[in-house]
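Reviewing the structure listed below.
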Amino acid sequence: MKYRHAFHAGNFADVMKHAALVAALARLTEKDRPLFLLDTHAGRGRYELADAGGKAERGIVRIAAAGIEAAHPALARYLAIVRALNGGGPLRAYPGSPLIAASFMRPGDRAAFCELQAPEAEALRREFRGDERIGVHVRDGYEALGALLPPAEKRGLALIDPPYEDTEADFARVAEAIVAAAARWAQGVLMAWYPIKLGATAARLHRRIVAAGAKRVLAAELCVHPDDSRAGLNGSGLVTINPPWKFAEDLEKILPLLHGALAGPGQGRCAVLRLAAE
32 MKYRHAFHAG NFADVMKHAA LVAALARLTE KDRPLFLLDT HAGRGRYELA
82 DAGGKAERGI VRIAAAGIEA AHPALARYLA IVRALNGGGP LRAYPGSPLI
132 AASFMRPGDR AAFCELQAPE AEALRREFRG DERIGVHVRD GYEALGALLP
182 PAEKRGLALI DPPYEDTEAD FARVAEAIVA AAARWAQGVL MAWYPIKLGA
232 TAARLHRRIV AAGAKRVLAA ELCVHPDDSR AGLNGSGLVT INPPWKFAED
282 LEKILPLLHG ALAGPGQGRC AVLRLAAE
């Protein structure tokens with residue numbers, strides 16, 4: 032299964048990933064100290080929902096109509112970002128992770144958005160043209176983790192979000208990459224997205240990360256279909272090393288709200304798993 036950003040823009044997995052990203056960035060920006068933000072597989076920045084094959088109707092469109100933003104500040108901020116991109120009108124466009132991350136950046140912050148596909152990278156460059164805080168790199172995101180970390184800013188967040196062309200092989204590569212990045216960047220928040228589908232267990236990803244000696248490891252999962260469903264993508268998760276203060280508590284409030292709005296009655300599940308402590 033290859034997870035392409037454009038084809039899945041605004042679907043339930045994007046909603047979960049981006050609501051969590053907003054929650055993490057909101058916590059990090061509570062302190063008035065510079066941040067470095069790294070997106071290893073950034074995509075183009077914004078997407079037309081008409082290109083997503085109707086998946087957004089069961090994702091961001093449903094969430095925007097659910098009236099749940101008052102239940103948590105991160106949900107309110109996330110939906111405000113999406114609506115601002117659409118001028119407050121009907122939802123026709125959806126922000127990728129780079130646009131969401133950039134919306135939190137302050138004058139002293141810096142970002143590197145990596146995209147190996149040249150057309151996508153060029154679209155991303157156009158998005159941020161003139162913003163000297165943001166660098167768009169046409170490079171392999173895994174290579175960038177070794178080359179760009181640790182940053183001078185010391186604090187910040189890296190998002191690892193590959194297309195998962197070979198799920199099991201990518202699980203192994205993501206585990207290796209996030210553990211190595213955490214070793215290089217002790218003060219950084221390291222986040223990796225992963226799919227949950229029939230025949231692939233995220234538990235192996237979790238075990239690899241913990242077995243490698245990573246500390247302060249948190250996993251969050253949201254499924255809208257049963258684990259044994261043949262729907263293709265049953266759910267998605269985020270594994271985080273060195274999560275921000277109160278991030279786990281944020282997710283424990285946010286995920287049930289998203290699950291209630293996105294899954295059918297009695298379908299799917301959500302969970303926040305503390306995989307390793309200090």
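Adding 31 to a residue's 1-based position in the sequence shown gives its number in our numbering.
Note that the Cβ used here is the ideal one computed from N, Cα and C, for glycine as well.
Predicted model only: the values in this text are computed from it and were never measured.
| Asked | Found |
| --- | --- |
| Identify the continuous beta strand (DSSP E) that holds T271 and give its terminal residues. | 266-272 |
| Determine, using beta carbons only, whether L269 and W216 come nearer to each other than 7 Å. | no |
| With A55 and F278 assumed to form a contact (beta carbons below 8 Å), what rounded beta-carbon distance in angstroms separates them? | 6 Å |
| Taking three-plus beta-carbon pairs below 8 Å as touching, is the stretch 142-157 in contact with the stretch 87-96? | no |
| DSSP on V303, reduced to helix/strand/coil? | strand |
| Give me whichever residues DSSP pairs with F144 in a beta bridge. | D70, V167 |
| Per DSSP, which residues does Y125 bridge with? Please list them. | Y78 |
| Can you give the Cα-Cα distance for A214 and D70, rounded to whole angstroms? | 18 Å |
| Assign K319 to one of three DSSP states: helix, strand, or coil. | The structure shown does not extend to residue 319, since the chain is modelled only from 32 through 309, so no value can be given for it. |
| Since I believe E309 is in contact with R238 (beta carbons under 8 Å), could you give me their beta-carbon distance rounded to a whole number of angstroms? | That belief does not hold up - the Cβ atoms of R238 and E309 are roughly 19 Å apart, past 8 Å. |
| Which residue wins for smallest C-alpha separation from N265, given the options A292, L253, D281? | L253 |
| Is the separation between the beta-carbon of Y125 and that of G41 shorter than 7 Å? | yes |
| In whole angstroms, what is the alpha-carbon distance linking L304 and E163? | 38 Å |
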